[in-house]
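Protein sequences appear in the order of chains S and P.
Counting from 14, one number per residue, gives the positions in the first sequence under the numbering used here.
Counting from 14, one number per residue, gives the positions in the second sequence under the numbering used here.
Protein chains: 2
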Amino acid sequence: MAANCTIAVDAMGGDRGAGVVFQAITDVLETDPALRIIVFQKETVSGPSISPVVSDSSFKSMIASGRLEIRHSSSVVDKSDKPTYAYKHRADSSMADALRCVAEREAQACVTPGNTGALLVFAKALVGTHTSIERPAFIKRLQLGSNISYVLDLGANVDCRGERLFQFAVMGSALVSALHDIERPQIALLNIGSEDIKGNEQVRLAARLIEEAKWLNYRGFVEGGALFNSDANVIVCDGFVGNAALKAGEEVARQILKQFDVMLSGHWWSFFVRRLSRPLFARIRRGIDPDHNNGASLVGLLGTVVKSHGNADRRGFAAALRQAASEARSEVALRVCRELDSIAFNA
Amino acid sequence: MAANCTIAVDAMGGDRGAGVVFQAITDVLETDPALRIIVFQKETVSGPSISPVVSDSSFKSMIASGRLEIRHSSSVVDKSDKPTYAYKHRADSSMADALRCVAEREAQACVTPGNTGALLVFAKALVGTHTSIERPAFIKRLQLGSNISYVLDLGANVDCRGERLFQFAVMGSALVSALHDIERPQIALLNIGSEDIKGNEQVRLAARLIEEAKWLNYRGFVEGGALFNSDANVIVCDGFVGNAALKAGEEVARQILKQFDVMLSGHWWSFFVRRLSRPLFARIRRGIDPDHNNGASLVGLLGTVVKSHGNADRRGFAAALRQAASEARSEVALRVCRELDSIAFNA
């Protein structure tokens, strides 16, 4: 049985409102009996007001059993708030309160669909980063074929220097080790060509740093396609580049599946094709579609924090919650920090 | 009827050898009677040696009619040559000779499958750039849905400052105006979010510069997915970012089509599905697959230069040749330069 685990959830800040968050929470609590969830929200949500989204009885029994707790925060971080503004004026927000739960060890993980810039500032200030890390990075698992790759950074850091990219390599390697049974994960660096002379100065510096760190398993440069087809376990890139490449790939998948669907409509035998192609398309969606494969983890923090896509639906937010529980139980944050501690020793 | 046009082709430097280039040339010459091609290669290719790839009679009649001319160069730029090395030691290469044809107005366009770094150095030195342009940029047409977008830069420039991104916007706008009947093409800037506060300093500076240039039709930031689904005609980005995002999207398309094909194999009725899906998949391939949608143009030069993918096959190289002919006939390079001239006037 899975270990007991508490997740603090920020119910505000998502594009679809708190209702979707509560739906996802009940789904996840039903299938994971060792999980407990503390939800932070601004408005009072009593039984009736969420009745269209959550069946009252299961919801009430979860609250009665203590597995679901609703707490009220005084404010909400708005989507358009600048990080500095949010930090100054939204310290009592549902986002900050949920993160505080992790900082104070009341919860082992936090999940929020809210403002990314504010999250980075609050997470760093409240949960804290490892001493050797300037800023945490967003990491995500991607799978289109048979291989799984973890890609970082996906938008927390832009204009990354070589040293920062090197930190990503260390954190990504530690995270994959912690989540999967791989002792020395293969690390690749995203570049615009696989030859040594390609790319910019920062990527070449990062390559040198990773190569010199002999305890890392470095396999060289890869191109953008490797995000979705590579035997490397970790793909390291600047957050701007990673974000753009990820979203480009996601859009192509979404477009092709949509156009395929349009093509089939109106054919009597399309029923059979849809039936046959369901497992394949479900696998593609799970591996790459942000509506299904939802949740980017912040790595480099002293606790587990997962950012859900702001537009996530019930299934999407549930995926982010499960990811947070899995990472908290594997003590990923702790293990990444230990790996970072060892750098000074190894270097 | 299309206007007369001469293309200088570098037959060397492709991964599949000169044979593929000659196959593609005969294909294109057969369908485009106003086209003339001068091919540069190192080894002597007489009739028999290329007989497995080109039928002797049509090849000979093209040479006899003067529409195909084979010239011999003394050296070849190797794939692994550094640009500075190539510039110093490969000035008599097939690549340099083909570019010289454009510089000396013997040809209206040049196509090469060779070393990208060397191409950038030779193109700048031999063909020349507009005085206001530091380095040319790679631009490519992408289409997955109903919209066509042109994306630049795709790898000629990394670490682009805001001013450089602004130049891309001007060049992209001019190129789309020249190729399509659009007076003020919509321009978007690639960023990691659509809000004004997102991204790095250079992107925000570029946004300000493009916005201030009132003769440009700026519509704001877009995210990576917009490369394959946007109503913007021009998407501007740093070459590193554009290269990674393009290749990520291409790989997703390739993987999905491949997996779909595997899924169908072994089903008796797959014949019908394949037949039905052929137009859709052909459209996807034409719009995004580098084997079909081959050829990135260098924009900002004083002549038309198209880079073919090194691994292009017969159909792919033919696509690059047709793209070069189309751009030469539309006098794209000249019109882009005129637009760049007007900046000083407009500013």
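The beta-carbon is built from N, C-alpha and C at its ideal position, and this holds for glycine as well.
- S:V254 sits away from S:I152, with the two beta carbons spaced by 8 Å or more.
- Within the same chain, and ignoring the five residues on either side of S:A99 in sequence, the residues whose Cβ sits closer than 6 Å to its Cβ are V90, A131.
- At least one beta carbon of chain S lies nearer than 8 Å to the beta carbon of P:F273.
- Within the segment 150 to 172 of chain S, the residues whose Cβ lies closer than 7 Å to any Cβ of chain P are, in chain order, L157, G158, G168, V171, D172.
- S:L202 places its beta carbon 8 Å or farther from that of S:V164.
- Listed in chain order, the non-local C-beta contacts of P:R232 below 7 Å within the same chain comprise Q199, I200, A201, A245, local neighbours out to five positions each way being set aside.
- Below the 9 Å Cβ cutoff, chain P contributes no neighbours of S:I200, its closest Cβ being approximately 17 Å away.
- Under the 8 Å Cβ criterion, the segment 215 to 226 of chain P counts as touching the segment 174 to 191 of chain P, having at least three qualifying pairs.
- Contact between S:I20 and S:A337 holds, since their C-beta atoms are separated by about 5 Å, short of 8 Å.
- By the neighbour-count definition (other C-beta atoms within 10 Å, threshold 16), S:V265 is a buried residue.
- One alpha carbon belongs to S:N256, the other to S:A169, and they sit about 9 Å apart.
- It is roughly 29 Å from the alpha-carbon of S:N242 to the alpha-carbon of S:T125.
- With fewer than 16 other Cβ atoms from the protein chains shown falling within 10 Å of its own Cβ, S:S93 counts as exposed.
- Under the three-state reduction of DSSP, S:H85 is assigned to strand.
- The C-alpha of P:M75 lies about 32 Å from the C-alpha of P:R296.
- With contacts defined as CB atoms closer than 8 Å, P:E236 and P:I205 qualify as a contacting pair.
- Between P:H305 and P:A332, the beta carbon gap of about 7 Å places them in contact (Cβ cut-off 8 Å).
- The segment 270 to 287 of chain P makes contact with the segment 283 to 297 of chain S, as at least three CB pairs between them are under 8 Å.
- According to DSSP, residue pairing for S:N230 in a beta bridge involves S:Q199.
- In this chain, the alpha helix (DSSP H) harbouring S:V265 covers 252 to 277.
- When only Cα atoms are considered, S:T142 and S:R148 end up about 7 Å apart.
- Scanning the segment 317 to 345 of chain S from its first residue to its last, the whole beta strand (DSSP E) runs of 3-plus residues come out as 317 to 320.
- Here P:K227 is exposed: its Cβ has fewer than 16 other Cβ atoms, across all protein chains shown, within 10 Å.
- Between S:S88 and the set S:E82, S:A77, S:A104, the nearest pair of CA atoms involves S:A104.
- For S:V216, the enclosing alpha helix (DSSP H) starts and ends at 214 to 225.
- A distance of 8 Å or more separates the beta carbons of S:D194 and S:D251.
- The alpha-carbon of S:A116 is positioned some 15 Å away from that of S:E344.
- For S:V349, the closest alpha carbon among the candidates S:L81, S:A150, S:G308, S:D28 is that of S:A150.
- Within the DSSP secondary-structure output, P:F53 pairs in a beta bridge with P:D23, P:R84.
- Counting along the chain, the unbroken alpha helix (DSSP H) around S:K101 starts and ends at 96 to 102.
- In terms of CA proximity to S:L157, S:G238 leads the group S:K137, S:G238, S:K101, S:R29.
- Under the DSSP assignment, S:I210 falls outside any beta strand (DSSP E); it carries neither an H nor an E label.
- The segment 112 to 161 of chain S contains, as complete beta strand (DSSP E) runs of 3+ residues, the segments 122 to 125, 150 to 156 (chain order).
- Each residue's CA atom was taken as its position, placing P:K137 and S:N160 some 41 Å apart.
- Nearest C-alpha to S:K95 among S:L81, S:V134, S:C114, S:A122: S:V134.
- A check of alpha carbon separations from S:C114 across S:G329, S:G32, S:L139 identifies S:L139 as the nearest.
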